[in-house]
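Counting in numbering that gives the first Met the number 0, the sequence shown runs from 0 upward without gaps.
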Amino acid sequence: MINPVLLRSFTILVETGHFTRTAERLHMTQSGVSQHIRKLEQQLGQDLIVRQGKQFHLTDAGNRLYQEGRNILYKLAELEQDLRTESADVGEIRLMSPGSVGLKLYPQLLDLQSENPGLSFDYRFAPNASVEAAILEMETDIGLMTSHSNLQQVQCKAIGRENLLLVTSSAMGEPGWEQLLQAGFIDHPDGAHHASLLLSANYPEFEHHTQFATRGFCNQIGLILEPVSRGLGFTVLPDHAIRAFPNPQLVKAHPLANPVSEPLYLVTNRSRPLPARAVAMIDRIEAWLQVADSRQLSC
Numbered sequence: 000m001i002n003p004v005l006l007r008s009f010t011i012l013v014e015t016g017h018f019t020r021t022a023e024r025l026h027m028t029q030s031g032v033s034q035h036i037r038k039l040e041q042q043l044g045q046d047l048i049v050r051q052g053k054q055f056h057l058t059d060a061g062n063r064l065y066q067e068g069r070n071i072l073y074k075l076a077e078l079e080q081d082l083r084t085e086s087a088d089v090g091e092i093r094l095m096s097p098g099s100v101g102l103k104l105y106p107q108l109l110d111l112q113s114e115n116p117g118l119s120f121d122y123r124f125a126p127n128a129s130v131e132a133a134i135l136e137m138e139t140d141i142g143l144m145t146s147h148s149n150l151q152q153v154q155c156k157a158i159g160r161e162n163l164l165l166v167t168s169s170a171m172g173e174p175g176w177e178q179l180l181q182a183g184f185i186d187h188p189d190g191a192h193h194a195s196l197l198l199s200a201n202y203p204e205f206e207h208h209t210q211f212a213t214r215g216f217c218n219q220i221g222l223i224l225e226p227v228s229r230g231l232g233f234t235v236l237p238d239h240a241i242r243a244f245p246n247p248q249l250v251k252a253h254p255l256a257n258p259v260s261e262p263l264y265l266v267t268n269r270s271r272p273l274p275a276r277a278v279a280m281i282d283r284i285e286a287w288l289q290v291a292d293s294r295q296l297s298c
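Quick look at the structure:
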């Protein structure tokens, strides 16, 4: 690989046409400049200049190196300037989260992008295990999980909680045990886990979600409440997913005697310094979710 220090000495020599002036610009001795040129020629295995007394002219290899080398040095200088003046509102940010919190955050991200067109977002909805793996492999910048990672490289910060709620069609009254057995369960990827957490805390009869007849399954977070809204069964979902349903008048979230919530963790890779835009995004996510939590408490 061409040493950029040597390349800079060579391009300045070509531009000044004089070893003395080059040494002055680089705050070096003339012998130091000559040494840089010799090292560059040795590295490339090509003569770059032909000396004629105090003057010189370029060889074909020297001319090509100068033409392309100065562009490389310009790009490096431009990159350095961009990095030094990195903006929190320019560039791509990659995020991953479970679907429920994603339904809450993604519209906020689009609003932010509308205000700051220099930003772009790569947002993936994924279960905890996939989020953890992507953070570990540095395939995403910021992750959100509802379980704490045991991996040393994955840094977790608790930033809130998601309430779990029992949801039926709006036509159902108080959801007693017999009513739930009759209604049946609308399952989803986290259905068994969520049902176990909430129902075991509120119904002494509950042992396992298989006590309910499965009336359907959906793995699209935005559509899980569609069969529920049609009276085809009940389900258990986090609050964010319920609030995002486009026909809220068709479903009813029932407050139970013993509320249950899941923790929410913001996760990053300990070994990877985040760009300014991702650091700023973490602050925004925390603020958005704190607002959401305060609304839940007021409901």
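Glycine residues also receive a C-beta, built at the ideal position from the N, C-alpha and C atoms.
Whole-angstrom distance between residue j and residue i, CA atom to CA atom
i, j, result
"residue 105", "residue 23", "56 angstroms"
"residue 230", "residue 182", "8 angstroms"
"residue 73", "residue 11", "13 angstroms"
"residue 233", "residue 150", "36 angstroms"
"residue 79", "residue 0", "19 angstroms"
"residue 258", "residue 165", "10 angstroms"
"residue 95", "residue 143", "6 angstroms"
"residue 153", "residue 239", "25 angstroms"
"residue 250", "residue 86", "43 angstroms"
"residue 103", "residue 65", "54 angstroms"
"residue 296", "residue 191", "In this predicted model, residue 296 has a pLDDT of only 37, less than 50, meaning its place in the structure is not dependable; the value taken from the coordinates is given anyway. Roughly 25 angstroms between the two C-alpha positions."
"residue 293", "residue 188", "Any reading at residue 293 must be qualified, since the residue scores a pLDDT of 49, below 50, and its modelled position is unreliable; the value itself is stated next. Approximately 27 angstroms, taken between the alpha carbons."
"residue 216", "residue 155", "31 angstroms"
"residue 171", "residue 112", "40 angstroms"
"residue 30", "residue 57", "19 angstroms"
"residue 174", "residue 196", "17 angstroms"
"residue 130", "residue 228", "30 angstroms"
"residue 48", "residue 37", "10 angstroms"
"residue 214", "residue 289", "35 angstroms"
"residue 123", "residue 88", "20 angstroms"
Closest by C-alpha distance to residue i, when choosing among the options
i, options, result
"residue 145", "151, 157, 137", "157"
"residue 185", "162, 171, 226", "226"
"residue 207", "215, 198, 214", "198"
"residue 44", "53, 60, 222", "60"
"residue 3", "20, 215, 75", "75"
"residue 309", "33, 285, 210", "This structure cannot settle anything about residue 309, because the visible part of the chain is limited to 0 through 298."
"residue 221", "235, 241, 209, 215", "241"
"residue 169", "252, 136, 93", "252"
"residue 176", "202, 196, 193, 195", "202"
"residue 276", "120, 49, 216", "120"
"residue 180", "133, 209, 245", "209"
"residue 265", "271, 245, 224, 282", "282"
"residue 13", "50, 174, 26, 41", "50"
CB contact flag (residue i, residue j, <8 angstroms)
i, j, result
"residue 273", "residue 140", "yes"
"residue 247", "residue 163", "no"
"residue 39", "residue 9", "yes"
"residue 90", "residue 118", "yes"
"residue 28", "residue 21", "no"
"residue 68", "residue 6", "yes"
For residue i: DSSP bridge partner residues
i, result
"residue 162", "260"
"residue 56", "49"
"residue 153", "268"
Contact with chain C by residue i, beta-carbon distance below 8 angstroms
i, result
"residue 57", "Within the model displayed, chain C is absent; a lone protein chain is all it includes."
Contained beta strand (DSSP E) runs [length at least 3] in the stretch 64-108, N- to C-terminal order: Here the runs fully enclosed are 90-96.
Entirely within the stretch 221-264 and at least 4 residues each: give me those alpha helix (DSSP H) ranges in chain order. DSSP runs (the alpha helix (DSSP H)) wholly in the stretch 221-264: 224-228, 238-242.
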